[in-house]
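Structure first, commentary second.
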Amino acid sequence: EIPGFTLDKTSGAAVSVHHKVTPPASPIPGGLLLTGILILAAVGLNAYSKLNPPPGKPNFIHHLHPPTIPAAQSRLAYTLGAGGMAVFLSLVLFVTGLFEMYYYVPTPESAAVSVQTIAHLVPCGGLIRNLHFWAAQFLVIVMSVHLLRVVLTGAYAPPRRFNHVLGAALLAFILLLDFTGYVLRWDEGVHWALVVGANMLKTIPLIGDGLYRFVIGGNEPGGAALIRFYAWHIFGLTSGAVILTVWHIFRVRRDGGIAVPPPSERKDEERITRFDLLRREVLAMTAAAVFLLLFSLIFPAPLDQPIETFNAMSGDSAAPWFFLWIQYLLKFGDPFVMGILIPILVVVTLGALPYILPNAKSGELGGWFPRGNRIAQAAAVSIMFLILLLTVLGAIPN
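Put into structure tokens, the structure is as follows:
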């Protein structure tokens, strides 16, 4: 028997009916073996690249990078590796999400049970689900750090202002993707997010009721709501996020790559090639993969009992952690103002910083805390600090 798991006709689809039903072996040995292989591969790749000269002709992957970039602005201390890490986590989400689709059933009766099936019965399914869940959580953190790093280095100065707007929009899409994926569990742990989050749509003047029915597919959450959240998560929001990601990366190249001072004002003329840059990226992604694997082996993704009725919520019902600050704001006033208007204004303000506040001068680029955009730095740090503070307060039990 598996504690907390009930075998029924839906979860039984993952089990051979002519054999004894036994849970798969623990994924920990296999996960540790894969972690060791990744570490050895990273060490071997690093040693090989240092002992052998780079190839004469760059391949397709190399061509995705500029021929050379300034060495000072390629260091981890400046970039924090957040942009590349966000791309890596997005790839992890895409691959693990594809695997989960083979067993997930988007119906109210089977959704939570199919997630239990993935977690408990499908070989390595629990590890795949944990990787998908934690990659989504870390992606929100990494993208927030990336946005804050861009502001604190003044890297959105012209001609990069529009790309900063694309980055802010992409963060909003990722938050919505996390939210819809969170709801797809269809268990008691998502009850608050589904009921209260959807009901806030009704508070929007003029269009609230119609927007609620469009999102939910009726007068209350049910099968139509689940299939719509599934469609938005798999196709609608994912398509938008992919388009914004490709556009964002394209604009990085088109706008001149990493923000640096003009050649006449640079103190360090050293540059690294695209081959060295790719080697660093592969090593960073390998380290991230090792960390994500170990984290996913130790900390399982949350899983609760299936939702039986929407008439009442348990006392433990709460928003996902990245929306806890909104849940806490709801205590202070009108749901539309606190739950919808203020979050929209936060995203718009962060995206509009290069248009509404002074930008860093060209000679100040390439380092932290340029004088030219100190007001924007203070505004971004204040917004992020308040969100973090409200999140912590929202996480404290009443």
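Residue numbering for the sequence shown follows this note's numbering, starting at 5 and increasing by one per position. All C-beta atoms in this analysis are idealised placements derived from N, C-alpha and C, irrespective of residue type, glycine included. Being a predicted model, the structure only gives us computed values, none of them experimental.
Tell me whether Ile253 sits in a helix, a strand or coil according to DSSP, three-state version. Residue state, collapsed to three classes: helix.
Beta-carbon within less than 8 Å of Glu285's beta-carbon, same chain only, minus the 5 sequence neighbours each way: which residues are those? Counting only residues of its own chain and dropping the five nearest sequence neighbours on each side, Glu285 has a CB closer than 8 Å to the CB of Gly88.
Nonlocal neighbours in the same chain, by C-beta distance under 6 Å from Arg133, ignoring five residues either side: Once the five neighbours on either side are set aside, the close Cβ partners of Arg133 are Ile122, Ala123, Ala305.
According to DSSP, simplified to helix, strand and coil, what is Asp308? Residue state, collapsed to three classes: coil.
Tell me, please, whether the segment 126–146 touches the segment 203–214 by the rule of three or more beta-carbon pairs shorter than 8 Å. Contact between the segment 126–146 and the segment 203–214 is not established, with fewer than three Cβ pairs separated by less than 8 Å.
Starting from Arg275, trace the beta strand (DSSP E) in both directions and tell me its first and last residue. First-last of the beta strand (DSSP E) with Arg275: 275–277.
Apart from the five residues just before and just after Phe103, which ones in its own chain have a Cβ nearer than 6 Å to its Cβ? Cβ within range, chain order: Ile132.
What's the call for Ile32, buried or exposed, on a 16-neighbour Cβ count within 10 Å? Around the beta-carbon of Ile32, fewer than 16 other beta-carbon atoms lie within 10 Å, marking it exposed.
Within a Cβ cutoff of 8 Å, which residues of the same chain sit near Val91, ignoring the five residues on either side of it in sequence? Contacts found: Thr249, Ile253.
Sequence-distant residues of the same chain with beta carbon closer than 8 Å to Ile43, five excluded per side: These residues qualify, in order along the chain: Thr290, Val294.
Distance check for Val154 and Asn167, CA to CA, integer angstroms please. A straight line joining the alpha-carbon of Asn167 with that of Val154 spans about 11 Å.
Measuring alpha carbon to alpha carbon, tell me which of Pro70, His66, Phe183 ends up nearest Gly261. With respect to the C-alpha of Gly261, the residue from Pro70, His66, Phe183 having the closest C-alpha is Pro70.
Enumerate in chain order the residues of its own chain whose CB-to-CB distance from Pro403 is below 8 Å, with the five nearest sequence positions on each side excluded. Given a span of 5 to 402 for the chain in the structure shown, any question on residue 403 remains unanswerable.
Let me confirm a value: Pro265 is counted as buried when at least 16 other C-beta atoms fall within 10 Å, else exposed. Which label applies? Label assigned to Pro265: buried.
What do you get for Leu393, buried or exposed, if any count of 16 or more other CB atoms within 10 angstroms of its CB means buried? Classification for Leu393: exposed.
With 8 Å as the threshold, decide whether the Cβ of Gly244 is near any Cβ in chain B. Of the chains in the structure shown, none is chain B; there is only one protein chain.
The beta strand (DSSP E) with Ile73 in it runs from where to where? It spans 72–74 - the beta strand (DSSP E) in which Ile73 sits, taken as one unbroken run.
Continuous alpha helix (DSSP H) stretch holding Val78: start and end: Residue identity differs from the one stated: residue 78 is Ser in this sequence, not Val. Looking at the DSSP string, Ser78 is not in any alpha helix (DSSP H), and its letter there is neither H nor E.
Just curious, the alpha helix (DSSP H) that Met342 is in, first and last residue? From DSSP, Met342 is part of no alpha helix (DSSP H); its letter is neither H nor E.
Range of the contiguous alpha helix (DSSP H) that encloses Arg153: Where Arg153 is concerned, the enclosing alpha helix (DSSP H) stretches over 129–156.
State the beta-bridge partners of Asp191 as determined by DSSP. According to DSSP, residue pairing for Asp191 in a beta bridge involves Pro310.
Determine the DSSP secondary structure at Val91, reduced to helix, strand or coil. Assignment of Val91 by DSSP, reduced to helix, strand and coil, places it in the helix class.
Are there 16 or more other CB atoms within 10 angstroms of the CB of Trp138, so buried, or fewer, so exposed? By the neighbour-count rule (16 or more Cβ atoms within 10 Å), Trp138 is buried.
If you reduce the DSSP assignment to three classes, tell me which class Tyr106 lands in. In this structure, Tyr106 counts as coil in the three-state DSSP scheme.
Sequence-distant residues of the same chain with beta carbon closer than 8 Å to Ala229, five excluded per side: In its chain, beyond the 5 residues on either side, Leu198, Ala202, Val219, Ile220, Gly221, Gly222 have a beta carbon closer than 8 Å to the beta carbon of Ala229.
Is it a yes or a no for the segment 70–85 touching the segment 265–285, going by three-plus beta-carbon pairs under 8 Å? Counting Cβ pairs under 8 Å, three or more are found: they touch.
What alpha helix (DSSP H) runs, 4 residues minimum, are completely inside the segment 198–250? As far as the segment 198–250 is concerned, its whole alpha helix (DSSP H) runs of at least 4 residues are 212–220, 227–235.
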